[in-house]
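Following: one structure in structure tokens, then a few remarks.
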Amino acid sequence: MSQLRRFVATAAMVIAGVGVGATIGPANALAATPAASVTAGYAHSCAIGTNGGLYCWGSNWSGEVGDGSGTDKSTATRIGTATTWATIDAGSSHTCATRTDHTLWCWGRNFRGQLGDGTTANKTTPTQVGTATTWATVSAGDAHTCATRTDGTLWCWGYNRLGQVGNGSAAWTFTTPQQIGTATTWASVTTGYAHTCATRTDGTLWCWGDSSAGQLGLGTVGYSTTPAQVGTATTWNGVAAGYAHTCATRTNGTLWCWGENGYGQLGVSGSLQNTPVQVGTVTTWNKVGTGVDTTCGSRTDGSLWCWGNNITAQIGDGTTTNRSAPTRVGTLTTWTANFASSYHTCGVRTDGGLWCWGNNGNSQLGDGTTTQRSAPVAATLP
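Residues 3 to 384 in our numbering are what the sequence shown lists, from first letter to last.
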């Protein structure tokens with residue numbers, strides 16, 4: 003997931019004066035409903051509870067919270083009564099999620115057809131994408147969306163100005179899902195601002211769309227309108243696309259990044275990289291996630307690390323200083339691989355507690371305030 007690299011008028015927000023590793027709110031963030039997963043949009047957040055319920059909060063000007071109101075929510079709000087939500091991802095101003103019956107639902111901004119319902123009208127409540135009952139995972143980008151199905155096929159829709167849909171077409175907009183090629187071995191997909199990457203079951207990695215900053219990892223700049231393989235490695239097992247950079251993990255626990263590096267979001271020093279570069283020598287990375295120009299990763303020891311753009315304290319180290327190397331979020335070893343970053347970051351701990359930090363201009367941290375936080379603050383699900 004990635005969002006528009008826009009910076010709203012939040013720079014003047016007060017940064018909470020807390021130290022690294024400090025917490026705000028109750029020592030135990032576990033509420034009536036523990037969190038199972040979380041996602042962060044440009045200025046909104048959503049989570050799925052262990053009860054299968056859906057909760058969203060923050061900016062709602064395009065209906066991205068999904069409660070039908072169109073007004074911002076300062077704390078987590080239950081969306082409908084369904085208890086069958088399975089996976090979720092937030093784009094800039096839209097949200098998509100799958101259910102356990104393998105249906106797909108999207109809501110929020112739709113000016114480029116990113117909701118996939120055949121229209122360009124915004125939706126303020128979850129709207130089913132077609133009638134298929136074979137959806138497995140979904141990724142919402144800035145103005146395009148991609149999803150995998152249980153049969154291993156890959157589908158994308160929405161804005162296609164730079165080929166990010168990946169079907170080889172020169173058309174700028176697709177309002178319904180388009181199958182990408184004929185392969186039936188797609189395992190995961192991630193959408194950035196104007197590029198897309200996906201892994202296959204054979205461990206290969208493929209990217210397409212905008213590569214003006216080398217974010218496709220193909221060794222060139224420009225763009226590709228169809229999937230192109232990144233190198234020859236067959237050990238990729240996870241990938242995340244940011245605004246103009248990409249990071250991925252391998253089966254040996256190493257972490258690799260490429261693309262734009264103006265804020266240090268690649269986790270290495272220097273300028274942009276148009277092919278994958280290893281981030282340090284650590285071999286215990288188990289998940290990576292990318293925000294606009296920020297990256298976070300979890301390790302097998304339960305620690306959480308972030309780096310890159312920190313202008314709204316989204317790294318969570320108690321400062322607003324950009325970091326060009328992985329910087330640990332506190333000292334806890336209870337973070338799970340369920341986390342997400344944008345201009346704010348949220349993560350789930352092993353006890354189901356949900357914590358957020360960074361920009362809070364639209365109450366996207368879910369703590370009932372609009373105060374920016376430089377360290378994790380508890381966000382509870384009702």
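All C-beta atoms, glycine included, are put in the ideal place defined by N, C-alpha and C.
It should be emphasised that the depicted structure is a prediction, and the values quoted were computed from it without experimental measurement.
Can the beta-carbon of Gly160 be found closer than 8 Å to that of Ser95?
Working through the sequence shown from its first residue, we reach residue 160 at position 158. Working through the sequence shown from its first residue, we reach residue 95 at position 93. For the pair Gly160 and Ser95, the CB atoms are not nearer than the 8 Å cut-off.
Compare the C-alpha of Thr193 against each of Thr297, Thr203, Val167 and name the closest.
By one-based count along the sequence shown, residue 193 stands at place 191. For the residues Thr297, Thr203, Val167, the minimum Cα distance to Thr193 belongs to Val167.
Buried versus exposed, by CB contacts within 10 Å (16 or more), Trp309
On the sequence shown, residue 309 is found 307 positions in, with the first residue counted as 1. Per the 10 Å Cβ criterion, buried.
Are three or more beta carbon pairs between the stretch 261-268 and the stretch 293-301 nearer than 8 Å?
yes
Return the CA-CA distance between Ser61 and Ala380, expressed in angstroms with no decimal places.
One-based indexing of the sequence shown puts residue 61 at position 59. One-based indexing of the sequence shown puts residue 380 at position 378. Spanning the two alpha carbons is a distance of roughly 18 Å.
Which term fits Asp369, buried or exposed, when burial requires 16 or more other beta carbons within 10 angstroms of its beta carbon?
Within the sequence shown, the letter at position 367 stands for residue 369. Classification of Asp369: buried, given that the 10 Å Cβ count is 16 or more.
Out of Asp212, Gly70, Ala99, point me to the one whose CA is closest to Cys148's CA.
As a position in the sequence shown, residue 148 is number 146, starting the count at 1. Minimum Cα distance to Cys148 is reached at Ala99.
Length of the line joining the Cα atoms of Ser171 and Leu207
Here residue 171 corresponds to residue number 169 of the sequence shown, with the count starting at 1. Here residue 207 corresponds to residue number 205 of the sequence shown, with the count starting at 1. Approximately 21 Å, taken between the alpha carbons.
Among Thr79, Asp69, Gly65, Val232, which residue has its Cα nearest to the Cα of Tyr57?
Counted from its first residue, the sequence shown places residue 57 at position 55. Ranking Thr79, Asp69, Gly65, Val232 by CA distance to the CA of Tyr57 puts Thr79 first.
Residues near Ser39 by beta carbon distance below 8 Å, same chain, minus five either side
Translated into the one-based positions of the sequence shown, residue 39 becomes position 37. Listed in chain order, the non-local C-beta contacts of Ser39 below 8 Å within the same chain comprise Ala49, Ile50, Thr89, Ile90, Asn340, Val350, local neighbours out to five positions each way being set aside.
Assign Thr135 to one of two classes, buried (16 or more other C-beta atoms within 10 Å of its C-beta) or exposed (fewer than that).
Translated into the one-based positions of the sequence shown, residue 135 becomes position 133. It is exposed - the Cβ of Thr135 has fewer than 16 other Cβ atoms within 10 Å.
Any chance you could list the alpha helix (DSSP H) runs of at least 4 consecutive residues sitting entirely within the stretch 114-163, in chain order?
none
Report the start-end ranges of each alpha helix (DSSP H) in the stretch 205-279 that is 4 residues or longer and not cut off at the edges.
none
On the three-pair Cβ rule with 8 Å, is the stretch 248-257 touching the stretch 205-223?
Yes, since at least three Cβ pairs between the stretch 248-257 and the stretch 205-223 fall closer than 8 Å, the two stretches touch.
With H, G and I counted as helix, E and B as strand and the rest as coil, what does DSSP make of Ser61?
Counting from one through the sequence shown, the residue named residue 61 turns up at place 59. Look at Ser61 here: in three-state DSSP terms it is coil, with no helix or strand label.
Using a 10 Å radius around the Cβ and a threshold of 16 neighbouring Cβ atoms, would you call Gly332 buried or exposed?
Position 330 of the sequence shown holds residue 332. With 16 or more other Cβ atoms within 10 Å, it is buried.
Counting C-beta neighbours from all protein chains within 10 Å, is the total for Ser300 16 or more, i.e. buried, or is it exposed?
Walking along the sequence shown from the start, residue 300 turns up at place 298. The residue in question, Ser300, is buried, as its Cβ has 16 or more Cβ neighbours within 10 Å.
Enumerate, from N- to C-terminal direction, the unbroken beta strand (DSSP E) stretches of 3 or more residues contained entirely within the stretch 46-113.
46-51, 56-60, 75-80, 87-92, 96-101, 106-110
If you count every other CB in all the chains shown that lies within 10 Å of the CB of Ser190, and 16 or more means buried, which is it?
Against the sequence shown, residue 190 aligns to sequence position 188. Under this definition Ser190 is a buried residue.
Quick check: Trp258 and Gln231, are their CB atoms within less than 8 Å of each other?
The residue you call residue 258 lines up with position 256 of the sequence shown. The residue you call residue 231 lines up with position 229 of the sequence shown. Contact flag unset, no.
Which residues does DSSP pair with Gly310 in a beta bridge?
On the sequence shown, position 308 is the one that residue 310 refers to. DSSP lists Thr296, Arg325 as partners of Gly310.
Which residue from Thr277, Thr336, Ala327, Arg325 puts its Cα closest to that of Ser305?
In the sequence shown, residue 305 corresponds to position 303, counting from 1. The shortest Cα separation from Ser305 among Thr277, Thr336, Ala327, Arg325 belongs to Thr336.
According to DSSP, simplified to helix, strand and coil, what is Gly304?
The residue labelled residue 304 in the question sits at position 302 within the sequence shown. In the structure shown, Gly304 sits in coil (DSSP, three-state: anything other than H, G, I, E or B).
Nearest CA to the CA of Thr175: which residue from Trp137, Gly120, Arg151?
Numbered from 1 along the sequence shown, position 173 holds the residue referred to as residue 175. Considering only alpha carbons, the answer is Gly120.
Pull up the distance between the alpha-carbon of Gly221 and that of Asn276, whole angstroms please.
To locate residue 221, count along the sequence shown from 1; it is residue 219. To locate residue 276, count along the sequence shown from 1; it is residue 274. In a straight line, the C-alpha of Gly221 is about 5 Å away from that of Asn276.
Gly72 and Ala142 closer than 8 Å at C-beta
Here residue 72 refers to the residue found at position 70 of the sequence shown. Here residue 142 refers to the residue found at position 140 of the sequence shown. No; because the gap between Cβ atoms is not below 8 Å, this pair is not in contact.
Nearest-angstrom Cα distance between Ile81 and Cys348?
Here the question's residue 81 lines up with position 79 in the sequence shown. Here the question's residue 348 lines up with position 346 in the sequence shown. Going from the Cα of Ile81 to the Cα of Cys348 covers about 19 Å.
Over what stretch of residues does the beta strand (DSSP E) that includes Val379 continue unbroken?
Along the sequence shown, one-based indexing puts residue 379 at 377. 375-380 is the extent of the beta strand (DSSP E) around Val379.
What is the DSSP secondary structure of Gly291, counted as helix, strand or coil?
Here residue 291 is taken as the residue at index 289 of the sequence shown, counted from 1. Three-state result, Gly291: strand.
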